[in-house]
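Heads up: the sequence shown begins at 1386 in the numbering used here, then just goes up one per residue.
C-beta: ideal position from N, C-alpha, C; glycine also.
Take a look at the structure below.
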Amino acid sequence: MNGSSGSDTQNDLKACALVLARLARAEDLGSGDVTSVLLHDTDTGTYRLVARQPGVFAGRAVAETVLGVYDERIELRWSVRDGAAIDCESGELASLSGASRTILEAERVLLNFLQRLCGVATLTSHYVEAVAGTATRIFDTRKTIPGWRVLDKYAVRCGGGRNHRMGLHDAILIKDNHLAGIPIPQLARRVFDMLNAASTLEPQPSFVEVEADSLAQFAELLKVVGIDVVLLDNFSLEDLRHAVALRDDANLKGKLELEASGGITLETVRDVADTGVERISVGQITHSAPALDLALDHA
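This is how it looks when you write it as structure tokens:
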């Protein structure tokens, strides 16, 4: 699995999952499950979490947090790790044992979380596989479900993708709307002034990125010191290759990374990678990932 897997990441993941799981439980359970309450309090059972289609798994810590909101006594045994390919021959991802009433109350909420996370991880992995063998990495965007950003971005890492900035607070991305109305001959100076102002920020942003909508804008940005990444938005393949050549001719390869974005699909992502850009950002992996088909079956 790509990306950090340290305790801070896991703690953030669990904290976010806890808030969302409590909201989801209240939304779904309301005043009580009027069906499962018909079971005896003493009824117990073992259930299998299974996958009905192939994909990449994500969400062990999230699942544990969700179940803990319902009943910390539910016993959960895993057969898969985050970031692993799902084996559809057995299909089993985990087994759950405990009070049947509680497990059935938690069933749909648990599946909703895991189907979403596995779907994001799986779609991300398809993009990563499509550019395998190139120097290009796949990045996510801020196009995430509100409140789910920590979880969505974790799932991207499980699928082998990389995380772009977490939010507006941790990196600078000067986009077209920030530069609207600035004539191209003045672009380099205005961006330089912005970056001078950024030097006073505390803490310092993790990186500086500037968007270019045309080769003319890009040529001006090559004059500015302090930019880490240029976002090439909706460039044609020919213009992407031209931008890479301009950057390399300016002896900035290894110092300035180029990121392609805008309307990139699984069918086109390899051609974009072959232009020589180092990064491709894809909003689809979080805003349009289909849920993976998972189920909870009685063992």
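Item: Nearest-angstrom Cα separation, counted from G1668 out to H1683; Value: 37 Å
Item: Simplified DSSP state of L1536, which is helix, strand or coil; Value: helix
Item: C-alpha gap between A1484 and A1409, whole angstroms; Value: 20 Å
Item: Sub-8 Å separation of L1607 and V1629 beta-carbons; Value: no
Item: Beta-carbon separation (whole angstroms), T1431 vs L1508, contact threshold 8 Å; Value: Not a contact, Cβ separation roughly 31 Å.
Item: Cut-off 6 Å between Cβ atoms - residues of its own chain near P1590, not counting five sequence neighbours on either side; Value: A1556, I1557
Item: Cut-off 8 Å between Cβ atoms - residues of its own chain near L1637, not counting five sequence neighbours on either side; Value: L1607
Item: Inter-residue CB distance, V1615 and L1641 (contact presumed, cutoff 8 Å); Value: 7 Å
Item: Three-way DSSP call (helix, strand, coil) for I1530 in this model; Value: coil
Item: Sub-8 Å separation of A1583 and V1593 beta-carbons; Value: yes
Item: Beta bridge counterpart(s) of T1431 as assigned by DSSP; Value: S1482
Item: Nearest neighbour of T1660, chosen from L1586, A1676, E1623 [CA to CA]; Value: E1623
Item: K1538 classed as buried or exposed, judged by whether at least 16 other C-beta atoms fall within 10 angstroms; Value: buried
Item: For A1400, the three-state DSSP class (helix, strand or coil); Value: helix
Item: V1596 - partner residues in DSSP beta bridges; Value: Per the sequence shown, residue 1596 should be read as Glu rather than Val. Beta-bridge pairing links E1596 to L1616.
Item: When L1478, P1439, A1597, A1540 are compared against A1565, the one with the closest alpha-carbon; Value: A1597
Item: Exposed unless 16 or more other CB atoms sit within 10 angstroms - verdict on V1404; Value: exposed
Item: Nearest residue (CA-CA) to G1453, options V1494, M1551, H1627; Value: V1494
Item: Minimum C-alpha distance to Q1500 - residue among A1448, D1525, L1414, V1422; Value: A1448
Item: Contact the region 1546-1556 vs the region 1524-1534: 3+ CB pairs below 8 Å; Value: yes
Item: Burial state of C1473 (16 or more Cβ within 10 Å); Value: exposed
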